[in-house]
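Chains as they are written, first to last, in this note's numbering: chain Z, 6 to 137; chain A, 5 to 196. No residue lacks a Cβ here, since even glycine has one placed at the ideal position from N, Cα and C. Input: a single structure, listed below in structure tokens.
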Amino acid sequence: RTFPQPSILNFNDTTTSSVVAAAFNSSSTPWGNFAKFANLEKGSHVTGICDLKTYLNRFGYLPAPAPGNFSDDFDSDLESAILTYQKNLGLPPTGKLDTETIDLIMAPRCGLGDSHLRHNTTTITHLHETRR
Amino acid sequence: YAYFNGRPRWTHNSPMTLTYAFSPDHMIDYISPEEIKAVFSRAFTRWSEVIPVNFTEAQNYRTADVRIGFHSGDHGDGEPFDGELGVLAHAFSPENGRLHLDSAETWAVDFGRERSNVAIDLESVATHEIGHVLGLAHSSVSDAIMYPSLRPRSRKVDLRVDDVEGIQALYGSNPNFNYGSLLESDRETSNS
């Protein structure tokens, strides 16, 4: 296994965004090429954005396409999915693929989906209120 | 915090003791078994400190409640891993007990020793996945252990108020648990 030259990275800093960016900008990682979608918004048509839709489908934010595959259109469904993603994970809810959102999407994560966050919002609120 | 649908939890008799074991066939060889066991022991302890559940390592992998292994690609559970970065690990809700880590990651127990810029802290991921094994789903609180993302070369192993409240609502509180052990800043955030 090979990695980028260590001399360009600060290995002692565990949170430096440059380290994160250097790691994620590699197209060899599963979501590394999502960086090119930064700052896109509804109405865009970009080759490969269907992969981002597949990501959002996998983690519970976008229903499966029926029939066929996802399109490369930044449509209303994608905007809605991004908005839910942002709300669920504590990002500013813009519905756009701003830098902060793309950065989090590209970050490594647990394989379990997040759909329960959306579905159980009322329950979560109730439990917190009860305990207080 | 959030739960899986149906709010499943382990239902062993009280006081509850769950056994865990490591796969004899699916491990990594660049971190010693002793170090991996120490990492998981600490991760299990963090959860057992807040709920009345004990964890004991068992030798028999097949019969253990929690079964831990490092797997790659399609490993037969319908949730194939995707190589370096991307998905790091997954675990199943109670009372399934499977906890799988992607063997393609560069796992680290000491960032001073593992210099890769894509190194992933094993203890952070282990603590998160044990939360799933116990019944917690993902949290929206970015500081919580149960938040779904973890950056390379970052470490997050301490339970936060969100994690503690979630797991204690499922299992009750460990009688020896002391809220003072949580980070002061975390308690202030929660209170506000």
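{"query": "Close beta carbons around Glu7(A), own chain, < 8 Å, minus the five adjacent residues each side", "result": "Residue identity check: residue 7(A) is Tyr in the sequence provided, not Glu. Closer than 8 Å at Cβ, skipping near neighbours: Gly139, Leu140, Ala141, Gly170, Leu174."}
{"query": "Contact set for Ser158(A): own chain, Cβ-Cβ below 6 Å, skip 5 residues either direction", "result": "none"}
{"query": "Sheet register partners of Gly139(A) (DSSP bridge)", "result": "Paired residues: none, contrary to the question."}
{"query": "Reduced DSSP secondary structure (H/G/I, E/B, other) of Trp14(A)", "result": "coil"}
{"query": "Straight-line Cα distance separating Tyr90(Z) from Thr106(Z)", "result": "9 Å"}
{"query": "Inter-residue spacing [alpha-carbon to alpha-carbon] between Leu103(A) and Pro37(A)", "result": "16 Å"}
{"query": "Span of the alpha helix (DSSP H) around Met20(A)", "result": "Segment 20-26 is the beta strand (DSSP E) holding Met20(A); no alpha helix (DSSP H) there."}
{"query": "Outcome for Pro19(A) when other beta-carbon atoms lying within 10 angstroms are tallied against a minimum of 16", "result": "exposed"}
{"query": "Beta-carbon proximity list for Pro12(A), same chain, < 8 Å, skipping 5 on both sides", "result": "Ser97, Pro98, Glu99, Gly139"}
{"query": "Where His121(Z) falls, given that 16 or more other Cβ within 10 Å makes a residue buried", "result": "buried"}
{"query": "Cβ of Asp103(Z) within 8 Å of any chain A Cβ", "result": "no"}
{"query": "Bounding residues of the beta strand (DSSP E) (the contiguous stretch that carries Phe74(A))", "result": "70-75"}
{"query": "Neighbour flag for Ser76(A) against chain Z, beta carbons, 8 Å", "result": "no"}
{"query": "Residue nearest to Leu92(A) in terms of C-alpha spacing, selected from Arg164(A), Thr15(A), Ser146(A), His75(A)", "result": "His75(A)"}
{"query": "Of the residues Ala71(Z), Leu67(Z), Thr59(Z), the one placed nearest Pro35(Z), counting alpha carbons only", "result": "Thr59(Z)"}
{"query": "Asp125(A) (DSSP reduced to helix, strand or coil)", "result": "strand"}
{"query": "Cβ pair Ala108(A), Glu61(A) closer than 8 Å", "result": "no"}
{"query": "Arg114(Z) in three-state terms, based on DSSP", "result": "strand"}
{"query": "Beta-carbon neighbours of Asp119(Z), restricted to chain A and to distances below 7 Å", "result": "His142, Pro152"}
{"query": "Cβ pair Leu102(Z), Ala40(Z) closer than 8 Å", "result": "no"}
{"query": "Pro35(Z): contacting residues in chain A (beta-carbon distance under 7 Å)", "result": "Asp86, Gly87, Leu89, Gly90"}
{"query": "Within-8 Å CB hit, Gly116(Z) to chain A", "result": "yes"}
{"query": "Below-8 Å beta-carbon distance, Ile35(A) vs any chain Z residue", "result": "no"}
{"query": "Sequence-distant residues of the same chain with beta carbon closer than 6 Å to Gly53(Z), five excluded per side", "result": "none"}
{"query": "Pair within 8 Å by beta-carbon distance, Ser153(A) and Arg114(Z)", "result": "yes"}
{"query": "Below-8 Å beta-carbon distance, Ser146(A) vs any chain Z residue", "result": "yes"}
{"query": "Proximal chain A residues relative to Ser95(Z), where beta-carbon distance stays under 9 Å", "result": "Reading the sequence as shown, one finds Gly at residue 95(Z) and not Ser. Going along chain A in sequence order, the residues near Gly95(Z) (Cβ under 9 Å) are Ser144, Val145, Ser146, Tyr151."}
{"query": "Neighbouring residues, chain A, relative to Ala112(Z) (Cβ below 8 Å)", "result": "Ser153, Leu154, Arg155"}
{"query": "Ala173(A) (DSSP reduced to helix, strand or coil)", "result": "helix"}
{"query": "Stretch pair the segment 76-96 of chain Z + the segment 127-138 of chain A: three plus CB contacts closer than 8 Å", "result": "no"}
{"query": "Where Ile124(A) meets chain Z, residues with beta-carbon distance less than 8 Å", "result": "Pro113"}
{"query": "Short CB-CB distance (under 8 Å) between Val109(Z) and chain A", "result": "According to the sequence as given, residue 109(Z) is Leu; it is not Val. Judged by the 8 Å Cβ criterion, Leu109(Z) is in contact with chain A."}
{"query": "8 Å Cβ cutoff, Val25(Z) in contact with chain A", "result": "Because Val25(Z) carries a pLDDT of 46, less than 50, the predicted location of this residue cannot be relied on, and no value is offered for it."}
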